[in-house]
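Only one structure is covered here, and it is reproduced in the block below.
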Amino acid sequence: MSILDVIANALPFMAEPWFALTWYAIGALGAAWMIYDSFTANTALNPPLKACWPIIIIFFSVVGIALYFLTSRPPGIGRVQGRMEKMRRFTEFSQPRWRKVMASATHCVAGDGLGIMTAMVGARLMGFFFWEEFWFEYAVGYAFGWFIFQTWAMRLHGNGWLAAIWKGGRAEFFSMITVMVGMGLIMRLVTPAVVGMQPMPTTYAFWTFGALGLMVGFVFTYPMNWWLVSMGWKHGQGMEHMLKQMQGNEGKGRKAQQGQAAPQGA
7 MSILDVIANA LPFMAEPWFA LTWYAIGALG AAWMIYDSFT ANTALNPPLK
57 ACWPIIIIFF SVVGIALYFL TSRPPGIGRV QGRMEKMRRF TEFSQPRWRK
107 VMASATHCVA GDGLGIMTAM VGARLMGFFF WEEFWFEYAV GYAFGWFIFQ
157 TWAMRLHGNG WLAAIWKGGR AEFFSMITVM VGMGLIMRLV TPAVVGMQPM
207 PTTYAFWTFG ALGLMVGFVF TYPMNWWLVS MGWKHGQGME HMLKQMQGNE
257 GKGRKAQQGQ AAPQGA
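In our numbering, the protein residues as written are 7 to 272.
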């Protein structure tokens with residue numbers, strides 16, 4: 007018996023209504039809580055990640071919730087008072103390279119995944135063959151990830167629009183390749199082996215195996231994102247840039263106050 011046969015025999019439950027409804031119900035509730043948490047307690051979370059984590063949690067469900075706590079929510083952050091202190095605590099929590107890479111991969115898969123799943127719905131309804139669908143999903147996922155998520159993140163690191171578009175597209179090119187390798191393996195091999203065909207968007211299997219493809223894509227893109235973060239082509243998470251800006255503004259403010267006070271004391 008081949009590995010694919012073992013997988014095919016182990017995963018039929020994923021096409022069942024009870025599994026799909028439970029999986030996505032947990033994901034939806036977890037995403038709603040995460041949005042609330044990011045605006046009330048974990049407010050120092052990078053803005054692009056505030057948009058990315060709900061997408062990841064909806065598709066990854068309990069796995070996504072666990073990743074959020076492990077990667078992007080410092081313990082006790084709700085008890086930290088003051089914007090600056092929250093930013094410092096979040097940045098300190100984000101220092102380990104593996105957390106930055108996890109956040110980078112999350113950012114990548116959320117943007118790509120939203121585009122991929124959107125394209126997959128259209129491709130299935132239009133009756134695309136596998137490779138037509140694969141490249142259509144690649145193109146749409148790349149566009150979502152590049153122009154919406156990566157460019158936004160690069161802008162927050164002080165880049166102008168042209169530099170942000172260039173750097174975002176460069177990082178997205180390499181990230182997207184590895185996400186689609188994982189997604190493609192599930193679409194090409196695993197899904198047909200379990201359900202016998204490529205499922206339509208009206209089936210439970212479409213959404214559960216789509217989520218599985220994104221999770222496998224996450225695993226595949228993690229090493230790529232480690233390389234991109236190590237080179238400085240991606241940043242992961244942390245508020246270093248904004249903290250430096252705020253500290254610089256505070257320093258300028260103090261100098262201005264001292265300059266105004268000097269003539270009075272002369």
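All C-beta atoms in this analysis are idealised placements derived from N, C-alpha and C, irrespective of residue type, glycine included.
Quantities reported herein were computed from a predicted structural model and do not represent experimental measurements.
- Taking a 10 Å sphere around the C-beta of residue 168, we find fewer than 16 other C-beta atoms and assign the residue as exposed.
- Taking the Cβ atoms as the reference, residue 50 lies roughly 5 Å from residue 93, within the contact range of under 8 Å.
- Burial check for residue 98: the Cβ neighbour count within 10 Å stays below 16, so the residue is exposed.
- Residue range 53-66 is occupied by the alpha helix (DSSP H) that includes residue 60.
- When the beta-carbon positions are compared, residue 243 and residue 48 stay at least 8 Å from each other.
- Across the structure, residue 41 and residue 210 are spaced so that their CA atoms are roughly 26 Å apart.
- Of the residues assessed, residue 120 falls on the buried side of the cut-off, its CB having 16 or more other CB atoms within 10 angstroms.
- DSSP, reduced to helix, strand and coil, places residue 235 within a helical segment of the structure shown.
- Sorting 178, 62, 117 and 208 by C-alpha distance to the C-alpha of residue 33 places 62 at the top.
- A straight line joining the alpha-carbon of residue 140 with that of residue 190 spans about 7 Å.
- Annotation for residue 240: no alpha helix (DSSP H) segment contains it, and DSSP assigns it neither H nor E.
- DSSP places residue 86 outside both helix and strand once states are collapsed to three, so it counts as coil.
- Looking at 225, 215, 142 and 126, the one whose alpha-carbon comes closest to that of residue 25 is 215.
- Using a C-beta cut-off of 8 Å, the region 141-153 makes contact with the region 108-123, since at least three inter-stretch Cβ pairs fall below that distance.
- Judged by DSSP secondary structure, residue 105 falls within the alpha helix (DSSP H) whose first and last residues are 103-132.
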